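As structure tokens, the structure follows; a few thoughts come after it.
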Amino acid sequence: MPAGFPPHSTTASLPQHSDRGFPFAAAAAAAAGQAPPRPRPAAAMQFMLLFSRQGKLRLQKWYVPLSDKEKKKITRELVQTVLARKPKMCSFLEWRDLKIVYKRYASLYFCCAIEDQDNELITLEIIHRYVELLDKYFGSVCELDIIFNFEKAYFILDEFLLGGEVQETSKKNVLKAIEQADLLQEEAETPRSVLEEIGLT
Amino acid sequence: MSDIVEKTLTALPGLFLQNQPGGGPAAAKASFSSRLGSLVRGITALTSKHEEEKLIQQELSSLKATVSAPTTTLKMMKECMVRLIYCEMLGYDASFGYIHAIKLAQQGNLLEKRVGYLAVSLFLHESHELLLLLVNTVVKDLQSTNLVEVCMALTVVSQIFPREMIPAVLPLIEDKLQHSKEIVRRKAVLALYKFHLIAPNQVQHIHIKFRKALCDRDVGVMAASLHIYLRMIKENSSGYKDLTGSFVTILKQVVGGKLPVEFNYHSVPAPWLQIQLLRILGLLGKDDQRTSELMYDVLDESLRRAELNHNVTYAILFECVHTVYSIYPKSELLEKAAKCIGKFVLSPKINLKYLGLKALTYVIQQDPTLALQHQMTIIECLDHLDPIIKRETLELLYRITNAQNITVIVQKMLEYLHQSKEEYVIVNLVGKIAELAEKYAPDNAWFIQTMNAVFSVGGDVMHPDIPNNFLRLLAEGFDDETEDQQLRLYAVQSYLTLLDMENVFYPQRFLQVMSWVLGEYSYLLDKEMPEEVIAKLYKLLMNDSVSSETKAWLIAAVTKLTSQAHSSNTVERLIHEFTISLDTCMRQHAFELKHLHENVELMKSLLPVDRSCEDLVVDASLSFLDGFVAEGLSQGAAPYKPHHQRQEEKLSQEKVLNFEPYGLSFSSSGFTGRQSPAGISLGSDVSGNSAETGLKETNSLKLEGIKKLWGKEGYLPKKESKTGDESGALPVPQESIMENVDQAITKKDQSQVLTQSKEEKEKQLLASSLFVGLGSESTINLLGKADTVSHKFRRKSKVKEAKSGETTSTHNMTCSSFSSLSNVAYEDDYYSNTLHDTGDKELKKFSLSSELLDSESLTELPLVEKFSYCSLSTPSLFANNNMEIFHPPQSTAASVAKESSLASSFLEETTEYMHSNAMEVCNNETISVSSYKIWKDDCLLMVWSVTNKSGLELKSADLEIFPAENFKVTEQPGCCLPVMEAESTKSFQYSVQIEKPFTEGNLTGFISYHMMDTHSAQLEFSVNLSLLDFIRPLKISSDDFGKLWLSFANDVKQNVKMSESQAALPSALKTLQQKLRLHIIEIIGNEGLLACQLLPSIPCLLHCRVHADILALWFRSSCSTLPDYLLYQCQKVMEGS
């Protein structure tokens, strides 16, 4: 008979084992109950992070709903992991159950998270196309452009990727859309900023 | 990008001074984002994190003041938003600005709106409550005539939108699919894609519009629609096979360079589009030859065209290979794809190499020879500097593991495991090693050592299944008993060695495994006395780093060992120390040990050696405490009420609104439905009931029919149960393992001959040990792939046995009455065995079914008395503890004999059971069929009697019943008659079991026969069965009623108005007894207890209470639907009479 423990009726301290006395089963069930798998809509890209060689975050775009705490944790861990990798190493990274695709451009790291079955190489090209777009827009882009005009970098990203999927791959079309909106900005910006200067100073 | 000049922040101050002459927007940046600029500059000037924090907090508080000031213009607000986004990116909380972001999107002009929308999409997530405030703005902007505004609204909708508000914008977005501008159409498609992701049913009706988008003249819109199709095809590929042709055509056009040049990317035509299409084709062609054939050409062309040595062509190639291996295979394509994989694997570029490994991993199961081709590369990758490459290689090796290369592969995995620190990797790898070890372990020592490594490294992060499976494996053993013992012995020895080491810390889980194994199997040691093991466990117990959970395991192990040791000082010391422990659990365990220690006999019987696999029987009803309870009650203690009862009482005390739904109104007269909850104070009644149970029992405590092992007097030794049949096992296929070893050796030789470079001998050795048993081209005798190799640790399918035991147990219950008298004792034994199996599943169920068993035997009692074979008095059976005499087999055996004798006169038998009148169900000129039901105690017996009206002989008369949904129909012997004489009557019998409760059902069948002139005929018939045909009285005592009542969760209450004639409770209950076959247990005042069971053994209890002419019915059952059905029947009966 018994699986070894004297029969306990009420105490919950000893693992209760109706199932032949291997109490891990119960623990497994409990664990499964506590931590349901993270809900994740099947967006092609989970998130994109831009950070500097010093580990400073420059841009973050999340295509899956996560809590701020989680975002911070992921960012911290990923920045650390990516920065620790040597230059000759592979641009892909398995991290938790995700695939991280990253590439360094000058002092900036571009880092995307995709799912395991997604195509890593084409993700690298997504990063590259984004850099091309930034470059074309800012004219020889550098980290500072992105720091001081990060909202523009976001606008460009939103025209290129939408909801984690590639929206428009034609460089011309993306920039056309941005310029259209910017045109209004240019017109409105110049007189107002002068006024503002006067009003403020 | 070579043309990007690296400008780090160290160059920052100089940069601002020189006012960069660069063209375009970059030049203006410093001037108009000056506020942000000064913030950024301020931060860069700082040296410590602490200072940064201070600065940002300052910034945030000034921002907070600004955004909430009424004088702040939208222009300033926009500027503030940018700074807020920046602060959030740095990791500071700017949630106070969220609402202002929404306001900005709502009120600002185009530019401000743009920033407002951006801020909203960055700040909020799709279930954020503030997002609801954005809906109106979005709706307004979607209707705007300004293209930019529409685009902004669509962009934000495609990113975040509250699911429940989709209907508000859906028609607007659908309209946009017809917009003249392609950018709007494209964004609208993506917005619908988003909706499809978060709420697929909401966009179901517009699938036809997706098709229109697929045919859009603009490439961008078409490409966007592919996202939706990929997703939908992933979910259900069969629904979109008709589109295969279109996808193939599009891909052909793309590959053929028919798209505008602007879609080229590094002179490759629309790579993203190609990949998307390839993915879709892969899903469509999976396991579908006809669909696959449509795409062979275009895949071939894709493989051919992608020749440029650029990353993006490799990306397409990779996807192409994936598709070729996913769809129905075509050898030419597979060959080309394999070559491609070779290109990847052999590439000097590390990214491509990685993808080559990934592709290999994917195709290896289909084509193991590919791994052989690239074995040297794989070996190199195994020692690659980049851990990611290593890990992918291990993943590949994991897929090709077999009994011959297991040791090498697991060794490599363990090496990697020791280096890695990431928890996810460890969990993953440990799981794989454990799985492989269990499958292919070559010998005991290796297995235990590998598992030791797994437990030490995996520690407390590994999946709990691993130690669980391991212990199960040890305990249940394999096919060979001596082998099992050796394995166990080896485990014990290895753990003792591990515990001997000083200053080594093992994970808690590992210690738990050790303590369980030592507790169970230390007896296998010859020399080491239990005391020494106890001493080691004691040392661990005194260790502070051991968690209290582990201590519980340890003390359990000590308890087990104590029963084997004759006397041990350590145990006494342990008891002494832990009986005063501050940890109450430990103290309890120590006291238990102490008491057991004082009674060696009891302890030995309680903790027998090596019985871990046998099941524990627990008296779940805690009946041994009944005396204690009764005593408490007699001294005036309040009776125990379960939670739900207390809840109910509380509700009925607070006379509040009735939130419960009203029951079915079945009577259209002035009947007022049910009373208020306060009226039906059944809760307290029933608790009173259980209290009464206790009170009445103070003198003579009745124990129900549970077979007790652990009772008032302590352990009640159980009867010898047969374990013999368990060990009767299959012979081990030992030879096959030996064969494999031989094969391994021959293979080794061959592969060494195969590859002839001498300098890398070591690597080749490794390769040969890794790739043994793979592929068929080199060795004919090596056909054995991983799966055909016999598994050493083949687990017995014990769980299954137990399950089947359980399912049959109910059957046994009903069938056992057919056994002859001489079998009763055996039957009893057997039954207790099956019960153990059931008890394993659910103890409660166990006690329940045993009670049912009793009750079932009781239902036969009147019969028994009639035949006076036995003399049992009803209640005494309950007092009887074991089930020695629960069957009156003679009578039933006799009846069976009669039944099967096919005597046409059923008179004798039908007098024994209640039966319905014969009813003609069908007839023609030759035969007539009538049927009647016999309500047997264990089933419904349907009898069809066939009368041959013609003067001729009928040949091979046969009656068949069609399978019906709710019934299980079993044919009784003799249902096919070779010859049926003229003018005679024959009968066919079928026993019918119900599978799930229902109200009414039909049983249809046909009778077929041959006339003398070989003319065959068929005649169909059907009979109506009602639930009542399967209801039998459940004869239990009030005490048992009380106990059962508490254990049932499903209850239904309803008030029924009684007709004049049955105004008194007894007469009403009498009606129920007669019409529904309920058993009246007891009538107390204006309350009545009734019970019945639905065959085979679903009990249902009924509590009735009369108020004037209202009868309150309260059903409870273990089955969720039964009470409702019964209630319906009751209503019918009460109304009808």
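Order-wise, the sequence lines are chains A and B. For the record, in the first sequence the residue sitting at position 123 is 123 according to UniProt numbering, with numbers rising by one throughout. For the record, in the second sequence the residue sitting at position 376 is 376 according to UniProt numbering, with numbers rising by one throughout. In this text, a Cβ means the ideal position worked out from N, Cα and C, and glycines have one as well. Note that the structure is predicted; figures quoted are calculated from it, not measured.
At a Cβ threshold of 8 Å, is residue i touching chain B?
{"i": "Val82/A", "result": "no"}
{"i": "Val79/A", "result": "no"}
{"i": "Ala31/A", "result": "Residue placement at Ala31/A cannot be trusted, given a pLDDT of 40 that sits under 50; what the coordinates show is reported in the next sentence. Chain B contact via Cβ: present."}
{"i": "Pro87/A", "result": "no"}
{"i": "Cys175/A", "result": "The sequence shown places Leu at residue 175/A, not Cys. By this cut-off, Leu175/A is not an interface position."}
{"i": "Tyr154/A", "result": "yes"}
{"i": "Phe92/A", "result": "yes"}
{"i": "Glu165/A", "result": "yes"}
{"i": "Ala181/A", "result": "yes"}
{"i": "Lys73/A", "result": "no"}
{"i": "Glu151/A", "result": "yes"}
Flag residue i as yes when its Cβ comes closer than 7 Å to any non-hydrogen atom of the ligand NAD, and as no otherwise.
{"i": "Phe155/A", "result": "Questions concerning the ligand NAD fall outside what the structure shown contains, since it holds no ligand whatsoever."}
Assuming contact is defined by CB atoms lying nearer than 8 Å, are residue i and residue j in contact in what I supplied?
{"i": "Cys215/B", "j": "Leu278/B", "result": "no"}
{"i": "Leu1003/B", "j": "Phe967/B", "result": "yes"}
{"i": "Thr137/B", "j": "Ala105/B", "result": "yes"}
{"i": "Leu121/A", "j": "Leu355/B", "result": "yes"}
{"i": "residue 259/A", "j": "Gly139/A", "result": "Because chain A spans 1 through 201 in this model, residue 259/A falls outside it and cannot be assessed."}
{"i": "Val248/B", "j": "Val184/B", "result": "no"}
{"i": "Val561/B", "j": "Ser522/B", "result": "The amino acid at residue 561/B is misidentified as Val; the sequence shows Leu. Result yes, Cβ atoms of Leu561/B and Ser522/B sit closer than 8 Å."}
{"i": "Leu142/B", "j": "Val150/B", "result": "yes"}
{"i": "Ile87/B", "j": "Thr66/B", "result": "A quick correction: the sequence has Cys, not Ile, at residue 87/B. No, these two residues do not count as a Cβ contact at 8 Å."}
{"i": "Lys1050/B", "j": "Ser1117/B", "result": "Before going on, a small fix: residue 1050/B reads as Asn here, not Lys. Yes, the Cβ-Cβ distance between Asn1050/B and Ser1117/B is below 8 Å."}
{"i": "Leu360/B", "j": "Leu346/B", "result": "no"}
{"i": "Val513/B", "j": "Leu582/B", "result": "no"}
{"i": "Leu284/B", "j": "Ser237/B", "result": "yes"}
{"i": "Glu59/B", "j": "Leu39/B", "result": "yes"}
Figure out for me which residue from the options has the closest Cα to the Cα of residue i.
{"i": "Leu511/B", "options": "Asp460/B, Ile1098/B, Thr482/B", "result": "Asp460/B"}
{"i": "Phe210/B", "options": "Glu174/B, Glu235/B, Ser238/B, Ala199/B", "result": "Glu174/B"}
{"i": "Trp944/B", "options": "Val921/B, Glu965/B, Leu952/B", "result": "Val921/B"}
{"i": "Val571/B", "options": "Glu592/B, Met376/B, Lys54/B, Tyr328/B", "result": "Glu592/B"}
{"i": "Glu577/B", "options": "Gln449/B, Ile555/B, Ile934/B, Glu598/B", "result": "Ile555/B"}
{"i": "Asn503/B", "options": "Leu518/B, Lys539/B, Val221/B, Glu531/B", "result": "Lys539/B"}
{"i": "Ser548/B", "options": "Ala535/B, Arg587/B, Pro642/B", "result": "Arg587/B"}
{"i": "Leu429/B", "options": "Lys390/B, Tyr328/B, Thr1071/B", "result": "Lys390/B"}
{"i": "Lys172/A", "options": "Asp135/A, Ser67/A, Cys142/A", "result": "Asp135/A"}
Compare the C-beta of residue i against all C-beta atoms of chain A and say whether one is closer than 8 Å.
{"i": "Ser847/B", "result": "With a pLDDT of 41 at Ser847/B, under the threshold of 50, the modelled position of this residue cannot be trusted, and the question is left open."}
{"i": "Met413/B", "result": "no"}
{"i": "Met451/B", "result": "no"}
{"i": "Ile208/B", "result": "no"}
{"i": "Phe318/B", "result": "yes"}
{"i": "Ser1118/B", "result": "no"}
{"i": "Thr72/B", "result": "no"}
At the 8 Å Cβ level, is residue i part of the contact set with chain E, yes or no?
{"i": "Lys172/A", "result": "Absence of chain E from the displayed structure is noted, the protein chains being A and B."}
* To do: Please confirm if the stretch 1063-1073 of chain B is in contact with the stretch 1121-1128 of chain B, defined as three or more CB-CB distances below 8 Å between the two stretches.
  => no
* At what residue ranges does the stretch 132-158 of chain B contain a whole run of the alpha helix (DSSP H), taking only runs of 4 or more? -> 135-142
* Asked: Looking at C-beta atoms only, is the number of pairs between the stretch 278-287 of chain B and the stretch 65-81 of chain A that lie closer than 8 Å three or more?
  -> no
* List in chain order: all unbroken beta strand (DSSP E) runs of 3+ residues lying wholly within the stretch 987-1024 of chain B. => 1000-1010
* **Those runs of the beta strand (DSSP E) which lie wholly inside the stretch 155-220 of chain B and span at least 3 residues** => none
* **alpha helix (DSSP H) runs wholly inside the UniProt domain "AP complex mu/sigma subunit" (45-184) of chain A, at least 4 long, in chain order** => 68-83, 120-138, 143-148, 150-160
* If you scan the stretch 218-293 of chain B from start to end, which runs of the alpha helix (DSSP H) of 4 or more residues do you find wholly inside it? -> 219-235, 244-255, 271-285
* To do: Mind the definition here: the stretch 156-175 of chain B touches the stretch 139-151 of chain A only if three or more C-beta pairs lie below 8 Å; say whether that holds.
  => no
* To do: Evaluate contact between the stretch 44-57 of chain A and the stretch 108-115 of chain A, counting only Cβ atoms and requiring at least three cross-stretch pairs below 8 Å.
  => yes
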